[in-house]
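Participant:
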Amino acid sequence: MIYVWVVSLVAATSGLLFGFDIAVINGAIVFLKKQWALTEFQTELAASALLSGCIAGAAVGGWFSDRYGRRIVLMASAVLFAASALGAALPRNLTEFAVARILGGVAIGVASVLAPLYIAEVAPARLRGRLVSLNQMAIVTGILLAYATNWVLSFQGDQSWRWMFAVAAAPAVFFLVALFFVPESPRWLVEMGKEAEALRILARVNGQQAAEIELVEIRAAVAEESGTWKELFQPGIRRALFIAIVLAVMQQWSGVNTVLFYGSIILQDKVGGHSASAAIGANVLIGAVNFLFTIVAIALIDRVGRKALLIFSSTMMGLSLTGLALVFRMTPPPAALVITLMLMCVASFAVGLGPGVWVVLSEIFPNRIRGRAMSIATLSLWVACTVLTMTFLSITTALGPTGAFYIYAGMCAFTAWFVWRLTPETKNRTLEEIEGFWKEYKS
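In the working numbering, the protein residues as written are 138 to 580.
Quick look at the structure:
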């Protein structure tokens, strides 16, 4: 049992790098905007350059992992994480900065597909929700570390943003080294005809007797599947893909990243009265709440189930964002109330939509097409994230913060309805049982 936790923690290290790289821009953007005199469009470009790389990484990650294996592709992402961290610390202009961030985005896109997928394929069914949620736990840990690092370094002056990016190189190197000591996915090994090696790994995870039973189930599932792109659009699987894409998009359009990416700018520009260091410091509190409520999610997700947490999460987020919309009608908006509602929004996301969507995405597809299907769903997620990040400042300029937050609250209401009506519960089901569930659908 300790073995599977250690293996999952190593894979989840990619989530820590993911979270750090995503969130570090929140504090650095304040100094970048000032040093290079960025317009609003250029500020959105600097914030979203990483995300365009995420789209590319998500697009190819599943295909490469199906062809070459989960572990080797994760190793490639570790190299890109390190290169991006150093590249983003040394640019002379916005173009060089954007290129370095795009490289980091490719790493994130690959890791966001493979880390939850890999953990789901290694984990026993009774622990899968918690173990896959470790990836989200690592993401929010990375976000918290980014916020804390930003705040500590913000007192070093206008060039402090360079160090904010550079520090991520150290965990990237650790991740690369650690991957040499974890096994390949047993389900991928079965696909490649390496059943003896797969059985050895399954036995270390769940005991010899359970491993032999699981190997038979995996073998049967692999034998029935063609593993082609065409299979993604067959009855049943088509429904699973539709649900996965909608959940991935709505996780982003729920609006949480307006807080996670632009929290410092909201507090400094839209609320006012905050220095750069104070605005960045407030985000440490947001990161801490994100971290703590993700722990709550991990404790609950295999007990309460995915569906209940997703409905609760999206409902509470909608209420928080509606509150923010109303508060920004005041002149000036009370800073304490704005921060409180931001904290409510992030806590609500962390307890459900954050880890829950990644768990569902890692579970609902058949084995041989899981990498490709995860790529499509994760690609949709990153496109949605890029659209949100590239438009938030423009929407707030056109409609004001009130109009923007009303839009995101509406998205949360739709998400709650969609999960209630169309998303199945996957708690306590093996991956093979979930695959069998989709075969019941004819459309």
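Ideal Cβ positions, reconstructed from N, Cα and C, are used throughout, including at glycine.
Just so it is clear, the structure is predicted and the values come from calculations on it, not from any experiment.
Which residues in the same chain as TYR545 place their Cβ atom closer than 6 Å to its Cβ, once the five residues preceding and following it in sequence are excluded?
Facilitator: So the list reads GLY392 and LEU458, once near-sequence residues are dropped.
Participant: With H, G and I counted as helix, E and B as strand and the rest as coil, what does DSSP make of ILE417?
Facilitator: ILE417 falls in the helix class under three-state DSSP.
Participant: With DSSP collapsed to three states, give me the class of LYS171.
Facilitator: If DSSP states are grouped into helix, strand and coil, LYS171 belongs with the helices.
Participant: To the nearest angstrom, report how far apart LYS171 and THR180 are at their CA atoms.
Facilitator: Their backbone Cα atoms lie some 10 Å apart in a straight line.
Participant: Roughly how many angstroms lie between the CA atoms of VAL450 and LEU422, to the nearest whole one?
Facilitator: A small fix is needed here, since residue 450 is Ser in this sequence, not Val. Between SER450 and LEU422, the C-alpha separation is close to 20 Å.
Participant: With DSSP run on the structure shown, which of helix, strand or coil describes GLY199?
Facilitator: If DSSP states are grouped into helix, strand and coil, GLY199 belongs with the helices.
Participant: DSSP three-state call for PHE317: helix, strand or coil?
Facilitator: Here PHE317 sits in coil by DSSP.
Participant: Between ALA219 and VAL314, is the Cβ-Cβ spacing less than 7 Å?
Facilitator: The answer is no: Cβ separation not under 7 Å.
Participant: When we look at the beta-carbon of SER531 and count the other beta-carbons within 10 Å, is it buried (16 or more) or exposed?
Facilitator: The residue is exposed, with fewer than 16 neighbouring Cβ atoms inside 10 Å.
Participant: Which residue's Cα is closest to the Cα of VAL494: LEU384, LEU525 and ARG507?
Facilitator: For the residues LEU384, LEU525 and ARG507, the minimum Cα distance to VAL494 belongs to LEU384.
Participant: With a threshold of 16 other CB atoms inside 10 Å of the CB of ASP203, please say whether the residue is buried or exposed.
Facilitator: Counting Cβ neighbours within 10 Å, ASP203 comes out buried, since at least 16 surround it.
Participant: Could you give the first and the last residue of the continuous alpha helix (DSSP H) run that contains THR459?
Facilitator: Taken as a continuous stretch (DSSP letters only), the alpha helix (DSSP H) holding THR459 covers 443 to 464.
Participant: Tell me the rounded alpha-carbon separation between ALA484 and LEU175.
Facilitator: Approximately 32 Å between the Cα atoms of the pair.
Participant: Taking ALA335 as the reference, which of ALA260, ALA226, ALA305 and THR468 has the closest Cα?
Facilitator: Taking only the C-alpha atoms, the option nearest ALA335 is ALA260.
Participant: Using the beta-carbon count (16 or more within 10 Å), is ASN192 buried or exposed?
Facilitator: Asn is not the amino acid found at residue 192; the sequence shown has Ile there. Classification of ILE192: buried, given that the 10 Å Cβ count is 16 or more.
Participant: In chain order, what residues of the same chain lie with their CB nearer than 8 Å to the CB of VAL464, ignoring the 5 residues before and after it?
Facilitator: These residues qualify, in order along the chain: PRO470, PRO471, LEU474, VAL475 and LEU478.
Participant: On the three-state DSSP scale, how would you describe ASP295?
Facilitator: Correct three-state label for ASP295: coil.
Participant: Enumerate in chain order the residues of its own chain whose CB-to-CB distance from ALA248 is below 6 Å, with the five nearest sequence positions on each side excluded.
Facilitator: Cβ within range, chain order: SER151, PHE155 and SER214.
Participant: Assuming PRO492 contacts ILE438 (C-beta within less than 8 Å), just tell me the rounded distance between them.
Facilitator: Confirmed, Cβ separation roughly 6 Å.
Participant: Cβ of ALA514 within 7 Å of Cβ of ILE382?
Facilitator: Yes.
Participant: Pop quiz: VAL319 and ARG208 are said to be a contact at Cβ under 8 Å. What is the actual Cβ separation, rounded to whole angstroms?
Facilitator: Right, their Cβ atoms sit about 7 Å apart.
Participant: Where does the unbroken alpha helix (DSSP H) through VAL496 begin, and where does it stop?
Facilitator: Element bounds for VAL496: 491 to 500.
Participant: When the Cα atoms are used, what is the spatial distance from LEU461 to GLY424?
Facilitator: Rounded to whole angstroms, LEU461 to GLY424 spans 18 Å at the Cα level.
Participant: How long is the line joining the alpha carbons of VAL497 and GLY224, rounded to whole angstroms?
Facilitator: Rounded to whole angstroms, VAL497 to GLY224 spans 34 Å at the Cα level.
Participant: I'd like to know whether the C-beta atoms of ALA303 and ALA226 end up nearer to each other than 7 Å.
Facilitator: Closer than 7 Å, so yes.
Participant: Please classify ALA347 as buried or exposed, where buried requires at least 16 other C-beta atoms within 10 Å of its C-beta.
Facilitator: Label assigned to ALA347: exposed.
Participant: Taking C-beta to C-beta, are LEU298 and ALA183 nearer than 7 Å?
Facilitator: A small correction: the amino acid at residue 298 is Trp; Leu does not occupy that position in the sequence shown. Result no, Cβ atoms of TRP298 and ALA183 do not sit closer than 7 Å.
Participant: Are the Cβ atoms of VAL250 and ALA195 separated by less than 7 Å?
Facilitator: Yes. Within cutoff.
Participant: Taking just the CA atoms, how far does ARG440 sit from ARG263?
Facilitator: If I take the Cα positions, the gap works out to 10 Å.
Participant: Can you look up ILE438 in the DSSP assignment and give me helix, strand or coil?
Facilitator: DSSP places ILE438 in coil when its eight states are reduced to three.
Participant: Within 10 angstroms of the Cβ of LEU559, are there 16 or more other Cβ atoms? Answer buried if so, exposed if not.
Facilitator: The residue in question, LEU559, is exposed, as its Cβ has fewer than 16 Cβ neighbours within 10 Å.
Participant: In terms of residue numbering, what span does the alpha helix (DSSP H) encompassing GLU233 cover?
Facilitator: Segment 231 to 259, the alpha helix (DSSP H) holding GLU233.
Participant: Pop quiz: GLU328 and VAL359 are said to be a contact at Cβ under 8 Å. What is the actual Cβ separation, rounded to whole angstroms?
Facilitator: 6 Å between Cβ atoms; contact.
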